[in-house]
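If you count by the numbering used here, then the sequence shown holds residues 457 to 770, one letter each, in order. Where a beta carbon is used, it is the ideal one built from N, C-alpha and C, also for glycine. Report on one structure; see the data block that follows.
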Amino acid sequence: MKNRLCELLGIEYPVIQGGMAWVATAELAAAVSNGGGLGLIAAGGAPADVVREQIKKCRELTDKPFGVNVMLMSPFAEDVMNVILEEKPAVVATGAGNPGKYMEGLKAAGIKVLPVIASVAMAQRMEKMGADAIIAEGTEAGGHIGEITTMCLIPQIADAVSVPVVAAGGIADARGAVAAFALGADGIQVGTRFICSNECIAHENYKNAVLKAKDRDAVVTGRSTGAPVRALKNKLTKEYQRLEKENAPFEEIEKLGVGGLRRAFEEGDVQMGSLMAGQSAAMVHKIEPCADIIRSYFEGISDILDTIKTKMDV
Ligand code: TUI
Numbered sequence: 457m458k459n460r461l462c463e464l465l466g467i468e469y470p471v472i473q474g475g476m477a478w479v480a481t482a483e484l485a486a487a488v489s490n491g492g493g494l495g496l497i498a499a500g501g502a503p504a505d506v507v508r509e510q511i512k513k514c515r516e517l518t519d520k521p522f523g524v525n526v527m528l529m530s531p532f533a534e535d536v537m538n539v540i541l542e543e544k545p546a547v548v549a550t551g552a553g554n555p556g557k558y559m560e561g562l563k564a565a566g567i568k569v570l571p572v573i574a575s576v577a578m579a580q581r582m583e584k585m586g587a588d589a590i591i592a593e594g595t596e597a598g599g600h601i602g603e604i605t606t607m608c609l610i611p612q613i614a615d616a617v618s619v620p621v622v623a624a625g626g627i628a629d630a631r632g633a634v635a636a637f638a639l640g641a642d643g644i645q646v647g648t649r650f651i652c653s654n655e656c657i658a659h660e661n662y663k664n665a666v667l668k669a670k671d672r673d674a675v676v677t678g679r680s681t682g683a684p685v686r687a688l689k690n691k692l693t694k695e696y697q698r699l700e701k702e703n704a705p706f707e708e709i710e711k712l713g714v715g716g717l718r719r720a721f722e723e724g725d726v727q728m729g730s731l732m733a734g735q736s737a738a739m740v741h742k743i744e745p746c747a748d749i750i751r752s753y754f755e756g757i758s759d760i761l762d763t764i765k766t767k768m769d770v
């Protein structure tokens with residue numbers, strides 16, 4: 457499959473791996489890129505030298521294009537951007553903020569910039585600033601999220617911008633991919649399903665929690681503090697919800713989350729760890745290689761289209 461997103465990024469399948477902090481390491485990014493998609497190293501809250509090592513490691517593991525996802529709320533975001541300007545990965549995706557002040561430098565370095573956004577206004581602002589494509593993330597996604605569903609966000613953004621649009625949030629199989637393309641997307645971003653890949657080095661307890669998840673298990677906490685996060689329901693999310701209900705002080709609520717991702721990812725603490733995952737967790741049923749995950753999004757498409765034709769009587 458070759459479309460304008462594939463052409464832009466030099467990839468075989470229009471699939472971008474989500475920039476999941478701690479989970480999206482050089483190993484995962486390289487495996488996705490080797491499988492024909494675009495792998496992303498997640499800078500998350502890591503210091504710049506760690507990100508530099510990850511970029512170097514990824515270069516050893518793949519000769520295909522890959523990128524770095526920069527979490528703009530990180531205290532190290534500026535340092536990470538400076539490392540990126542030196543190391544020049546093919547792509548930078550940004551999350552949790554406005555990458556405007558970095559845009560000119562990144563573009564001048566020949567790096568493609570794909571901001572992750574959750575609203576039409578931000579998509580338009582990013583296009584004006586020179587974004588090469590827009591990753592539009594619906595509220596079904598894991599981690600820090602916006603308000604609007606993928607179903608309603610993608611068509612509005614596809615109508616509002618002319619650069620390629622990548623749909624993110626809730627896309628777990630070929631049916632989801634067909635839906636995303638029907639809504640006007642040029643590609644998909646997949647996060648949760650890649651947690652359950654062989655190449656992802658997350659703790660096996662984390663992977664098993666995703667495999668076990670049911671439809672209502674990916675819950676949102678932090679709405680009251682203005683930083684909503686979707687993660688799998690456990691002792692930590694219940695504690696969050698209790699504090700939020702009691703209107704506990706902001707600092708107390710925030711303190712609860714500190715180190716949560718590391719606890720989940722490294723220690724496999726499925727009770728007090730932050731098991732960030734999207735609603736699609738309920739649709740992930742096995743652990744498999746990244747290359748198989750990518751291909752699965754494009755298998756059986758003609759059967760899906762036939763079903764649509766029959767059901768819609770066209
Ligand atoms: O960034 C994400 N997902 C994330 S970041 C993250 S780390 C974290 N941990 C704890 C609390 C908060 C964050 C975990 N998951 N997705 C992309 C995304 N970006 N979704 C929504 C946005 C976004 C939000 C506001 C993008 C731009 C934006 O702009 C605000 C403004 O106007 O400047």
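- Proximity of the stretch 501–515 to the stretch 630–648 falls short of the contact definition, fewer than three beta-carbon pairs being nearer than 8 Å.
- Taking all protein chains shown into account, D748 has fewer than 16 neighbouring C-beta atoms within 10 Å of its C-beta and is therefore exposed.
- Within the DSSP secondary-structure output, F754 pairs in no beta bridge.
- When the beta-carbon positions are compared, V547 and L465 come within less than 8 Å of each other.
- Taking a contact as a CB-CB distance under 8 Å, the pair L570 and A587 counts as one, their CB atoms being some 7 Å apart.
- Between E744 and S653, the C-beta spacing is below 8 Å.
- Scanning A669, E707 and A704 for the CA closest to the CA of K689 turns up A669.
- Under the criterion of beta carbons closer than 8 Å, A630 and I757 qualify as touching, at roughly 6 Å.
- Around L562, the same chain offers V548 and V569 as residues with beta carbons nearer than 6 Å, after the five sequence neighbours per side are excluded.
- For the alpha helix (DSSP H) assignment, the uninterrupted runs of no fewer than 4 residues enclosed by the stretch 611–692 are, from N- to C-terminal side, 630–638, 648–651 and 660–668.
- Per the coordinates, the alpha-carbon of A614 lies some 15 Å from the alpha-carbon of Q645.
- No heavy atom of ligand 1 is found nearer than 7 Å to the CB of V471.
- Between the alpha carbons of A628 and C462 lies a distance of about 20 Å.
- Beta-bridge analysis with DSSP links N525 to A498 and A549.
- Contact between G556 and A687 is absent: CB atoms are separated by about 29 Å, not below the 8 Å threshold.
- Shown here for G678: same chain residues with a beta carbon closer than 8 Å to its own, the five before and five after excluded, namely P684, V685, Y696, E700, I709 and G713 in chain order.
- With fewer than 16 other Cβ atoms from the protein chains shown falling within 10 Å of its own Cβ, V770 counts as exposed.
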